[in-house]
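Below is one structure; the comments refer to it alone.
Chains as they are written, first to last, in UniProt numbering: chain E, 1 to 337; chain A, 1 to 240; chain X, 1 to 396; chain G, 1 to 209.
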């Protein structure tokens, strides 16, 4: 008997389903598709919060506010958290807001260090003057509380072993008083710690970037205004990326490729400490930096493809099932006669 | 030479990644190699971890500390713990293997007792509390919400008024559905069966669909490693 | 010495305002620092927690910051337990301080906490102390917040006593059908017909997980069923301790059916403790050995779907059950039969038919019925803003 | 012998079970609880030995039964030994060859393999959805309905935004109700199982005579 079309659909081999999935995810990568996405209010709130710090710093040049950035995520959620970190850090460096960074667990340190220096390099940020990597803040609650007065005694040195009292940036920023915002990018329940210690005790404002799965737990705190905005999953990262790209185009106002290759060309690079990053851009590195600028949106186009793919699969499966049932009902009826 | 050394390990990672994906087509020796490497590496890692994270910091260091602090009773208690742990080794022989029942009995008993209160707090008390009131203390069956709806009968007000009652009814239905020892003829049990299944299936479907995106993100992450990070290293080392 | 400190503290309590005035002469402060400081034993703990409250009462232009230091035993640099910088705002600050905070220098559980407030300068240094309060702490013998759990256990034990007594007298209890377990015989039978092995995975939890123990309890009756058909039963494990228990359970099951010859300790084996290495290895085994039936019972995390889908791929009947709520939807979608939630914990009694265990199932149902009644009362009372139930019985 | 093999272990279970229960309720024992928690982990310290022994035995048997596949057993054990040595000597070291080897093995073998097997779920969830989301009965139609809406809602745009709102509702009302009901049931089930174990009603984990 000849196979009917619905039999083909219903008996489609799993490897073929997997192959289809592979294609819909990989093709946007190769084709460098970037999906524009609509911007939700919670992401905009976070963006506006950082903008407001910039505006404050413009007006009060002698008492600028800094941002404390916590890398609260590990290797298993880099796909979702990395793009958030990239776009938020780019926003901070673009607006030249002083930046302090720490990470609460040992496995997170490596992630934090590479990501931070990678972005700092793109904006010619100077270590110790524009940004500082404090290193390990464990146990994190002790560090959160002591930031209420002064966190320097707990650190002693930064991640690279520099004395915290010798770092220019840290002579000004060491407590919540001069911090405009705490940003926690995370896959854990760390934002609740921040809420409990930094917000409840010291009225510190907090913004959060989190994975899609844990975002559901944090929505109530965003709507109650305890978090100043939230980036939820890859989608939130894509939204932020979009907003920062608009800003970057406005500020830099030239092609990113030209900007990056000119960045270290005409200046004396011997002044820059090579411990943190190499002050030059190779052609490939520029390409990667440009790729990174749309990482979340590329991911979103893969996501979109995957979602549409699975919905079409389900649709066809149901159609096949429906017609098959109809047919078999008919045959049973004929037999009964 | 340097090019090879910077390229070597990332390429290993990429090859292993691809080896795992071949399993999706069918089982094959390449996957089998990757799988066995992973088993070996993870067990090896675990052996060292047991030493670094349990035996050293939890047994040897505290015991010696207690001895030097003069807290002999504690030191002896820890040594007894170590000895009981060693009883697991009795399993190497059929005849003595019953000795390993002691550490098993102790761990099973202790954790069974230790978990009762936290289980009650998180799974029972807290969840029932959340079914009675919202986190901010408002009642789940908030009459004010209904009042608001009757004053201003919009769709949004209606939804926010009935969400609480729906959750309460849903929880009750599910609780009743799982009764084991009440007869099926019991009118409450029988009437709640189908509605309970509706709640359960909507919940399961929603939860399944919600996780879909996170799982796809994982695959995108791996592809990002290959197409962004690894390609970068490859082209820089080969090109420059 | 000790008495001297006590006297000092009492004097400072009585004349704290006076002290401040006197000290003013030494420091060049042109105002009187004011504030309300309280320190209280936290209670419900092991006697190391204190709550400190402080309300600033100076004008903002006089003082910008205060510094609060909390000491254990007495005021001295070595006994510092915590310090906080307080902004001069019109609000009551609350601090939850542990007098056993620092791990580096462990000190015995303190029985006394001292809080002292200083006027602080811009740098955050203490300029002048003006308020000192102290309190004695005590360890409590019962955590009142956990009373409901204690009552719940007592109630459960009462029901267990009643129903086990009835069961001993020969009363038979009705237990409803659990579809997943009804299919157990069919699954074992079909694997035997096809001449394929059966895989039983007791989850990836350790023995400290109750779900793992429940799974091992189910393994016993399953082994007995398998022994009747003499089908090979394989149990891969992620935890060596669980493996040891599983070996004993399987051995005992074969013995009980009079087939000790079927037991091979190599069939209950350990693979690796790493979550996904275990998932990869087990799905490899599934593909190669093509089991006829697969049991996935116990604690499962994200890898649940990897097991379920590969088992489906080789055409095995899967019976799954877990206590991880987030994984149940995947089992529902991918497996033939799923034990939802508490059915997993009821399974051992259901399969073995042991009257004592069935008695506890009945007790569990009665406890649940009482909780449902409490829930009703709580909801109704809550409408009228009476929070007895939510505050004292079903706490958050 | 029954006393040593059966009765005494059972008494251990009961004694330690009651101890665990009491330690939770009495705050005054907190310092002992800290010690006891540390003590319990010691018991697991040596368990890994029997794990490795079991793995070795398993592979020896496999080599005997299928000599043509012995290469895989060799792979397992060589990677086991290399990783164990590298981690033992390299994890706490700051520099040196073992540290470099440990770091590379961890970053480029352990982590990628872990992430990749985890990411297989992207494929399995697709095929599971294809199989399960069929309108074959009214129950699975509901599953299909909720799952489909939520999947659409997660990538919704423009006119499909209504799915986004429906997703919000499904996730915050029926899902919460279903999961909460199950959680409460599970809690009671776990409590009953714990008590059964402590009372000695359920003792299959202790094996036979």
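We treat Cβ as the ideally placed atom computed from N, Cα and C, and that holds for glycine.
Whole angstroms are fine: how far does the CA of residue 256 (chain X) sit from the CA of residue 224 (chain X)? Whole-angstrom Cα-Cα distance: 7 Å.
Which of helix, strand or coil DSSP assigns to residue 178 (chain X): Residue 178 (chain X): coil per DSSP, three-state reduction.
Apart from the five residues on each side of it in sequence, which residues of its chain come closer than 7 Å, Cβ to Cβ, to residue 184 (chain A)? Only 190 meet the Cβ criterion.
Name, in chain order, the residues that DSSP records as bridge partners for residue 83 (chain X). DSSP output for residue 83 (chain X) lists X:69 as bridge partner(s).
DSSP state of residue 186 (chain A), grouped into three classes? Residue 186 (chain A): coil per DSSP, three-state reduction.
Give me, in chain order, the residues of the same chain whose beta-carbon lies closer than 7 Å to that of residue 261 (chain E); leave out the 5 immediate sequence neighbours on both sides. Cβ neighbours of residue 261 (chain E) within its own chain (closer than 7 Å, five residues either side excluded): 281, 286.
Report yes or no: is there a C-beta of chain G within less than 8 Å of the C-beta of residue 163 (chain X)? By the rule that beta-carbons nearer than 8 Å mark a contact, residue 163 (chain X) does not touch chain G.
Leaving aside the five residues before and after residue 188 (chain A) along the sequence, list all residues of the same chain whose C-beta is less than 7 Å from its C-beta, in chain order. Result list for residue 188 (chain A): 176, in chain order.
Cβ pair residue 297 (chain E), residue 34 (chain E) closer than 8 Å: Yes, these two residues count as a Cβ contact at 8 Å.
Which runs of the beta strand (DSSP E) spanning at least 3 residues fall entirely within the stretch 117-191 of chain E, listed in chain order? Taken in chain order, the whole beta strand (DSSP E) runs of length 3 or more contained in the stretch 117-191 of chain E are 131-136, 179-186.
Three-state secondary structure (DSSP) at residue 55 (chain X)? It is a strand residue.
Which of the three DSSP states is assigned to residue 244 (chain X) in this structure? The three-state reading of DSSP puts residue 244 (chain X) in helix, counting H, G and I together.
Figure out for me which residue from X:59, X:179, X:140 has the closest Cα to the Cα of residue 44 (chain X). Check the Cα spacing between residue 44 (chain X) and each of X:59, X:179, X:140: the tightest is with X:140.
Reference residue 24 (chain E); option with closest CA among E:5, E:330, E:316, E:312: Nearest to residue 24 (chain E) by alpha-carbon distance, out of E:5, E:330, E:316, E:312, is E:312.
Closer than 8 Å by beta-carbon distance: list the chain A residues that pair up with residue 87 (chain E), in chain order. Within chain A, no residue comes near residue 87 (chain E); the closest Cβ sits about 15 Å away, beyond 8 Å.
Looking only at C-alpha atoms, which of X:234, X:275, X:152, X:143 sits nearest to residue 26 (chain G)? If you compare the alpha carbons of X:234, X:275, X:152, X:143 with that of residue 26 (chain G), the shortest gap goes to X:143.
Check whether the stretch 41-49 of chain E and the stretch 217-236 of chain E touch, using three or more Cβ-Cβ pairs below 8 Å as the test. Contact holds between the stretch 41-49 of chain E and the stretch 217-236 of chain E, because three or more Cβ pairs, one in each stretch, are under 8 Å apart.
May I ask which residues mark the beginning and end of the beta strand (DSSP E) holding residue 214 (chain E)? Residue 214 (chain E) -> not in any beta strand (DSSP E); alpha helix (DSSP H) instead, spanning 212-223.
To the nearest angstrom, how far is the alpha carbon of residue 105 (chain X) from that of residue 29 (chain G)? Unreliable placement is indicated for residue 105 (chain X), whose pLDDT of 44 sits below 50; the coordinate value is still reported in the next sentence. Answer to the nearest angstrom: the Cα atoms are 20 Å apart.
Contact the stretch 360-374 of chain X vs the stretch 163-171 of chain G: 3+ CB pairs below 8 Å: Put simply, the stretch 360-374 of chain X does not touch the stretch 163-171 of chain G. Fewer than three CB pairs are less than 8 Å apart.
Going by Cα to Cα distance, which pick from E:5, E:117, E:95 is closest to residue 54 (chain E)? Nearest option by C-alpha distance: E:95.
Does any residue of chain X bring its CB to less than 8 Å from the CB of residue 224 (chain E)? No - not a single Cβ of chain X is within 8 Å of the one on residue 224 (chain E).
Can you give the Cα-Cα distance for residue 66 (chain A) and residue 31 (chain G), rounded to whole angstroms? Computed Cα separation, rounded: 15 Å.
Answer yes or no: does any C-beta atom of chain E fall closer than 8 Å to that of residue 181 (chain G)? So no, residue 181 (chain G) is outside the interface.
Length-filtered (3 minimum) beta strand (DSSP E) runs lying within the stretch 36-84 of chain E: When DSSP assignments are scanned along the stretch 36-84 of chain E, the uninterrupted stretches of beta strand (DSSP E) that are 3 or more residues long and fall wholly within it turn out to be 66-72.
With 8 Å set as the bound, which would you pick, yes or no: does the beta-carbon of residue 84 (chain E) sit closer than that to a beta-carbon of chain G? Not a single CB atom of chain G sits nearer than 8 Å to the CB of residue 84 (chain E).
Can you list, in chain order, the residues of its chain with a C-beta nearer than 6 Å to that of residue 294 (chain E)? Leave out the 5 residues immediately preceding and following it. Closer than 6 Å at the Cβ level, and outside the excluded window around residue 294 (chain E), lie 34.
Let me know the secondary structure DSSP gives residue 299 (chain X) once reduced to three states. Three-state DSSP puts residue 299 (chain X) in coil, outside helix and strand.
Residues, ordered as in the chain, of the stretch 175-197 of chain E that lie near chain X by beta-carbon distance below 9 Å: Listed by position, the residues of the stretch 175-197 of chain E near chain X (Cβ gap below 9 Å) are 175, 176, 177.
Taking C-beta pairs closer than 8 Å, name the residues in chain X that residue 148 (chain E) reaches, listed in chain order. Those within 8 Å of residue 148 (chain E) in chain X are 84, 85.
Have a look at G:150, G:91, G:133 and flag the residue whose alpha-carbon is nearest the alpha-carbon of residue 333 (chain X). Ranking G:150, G:91, G:133 by Cα distance to residue 333 (chain X) puts G:133 first.
Determine which residues share a DSSP beta bridge with residue 269 (chain X) and list them. In the DSSP assignment, residue 269 (chain X) forms a beta bridge with X:236.
N-terminal and C-terminal residue of the beta strand (DSSP E) that residue 343 (chain X) is part of: Careful: residue 343 (chain X) lies outside any beta strand (DSSP E), inside the alpha helix (DSSP H) at 343-352.
Spell out the partners DSSP gives residue 116 (chain X) in its beta bridges. Per the DSSP secondary-structure output, residue 116 (chain X) pairs in a beta bridge with X:69, X:132.
Are there 16 or more other CB atoms within 10 angstroms of the CB of residue 66 (chain X), so buried, or fewer, so exposed? The residue is buried, with at least 16 neighbouring Cβ atoms inside 10 Å.
Between the stretch 296-308 of chain X and the stretch 316-335 of chain X, do at least 3 Cβ pairs fall closer than 8 Å? Three or more pairs of CB atoms, one per stretch, sit closer than 8 Å, so the stretch 296-308 of chain X contacts the stretch 316-335 of chain X.
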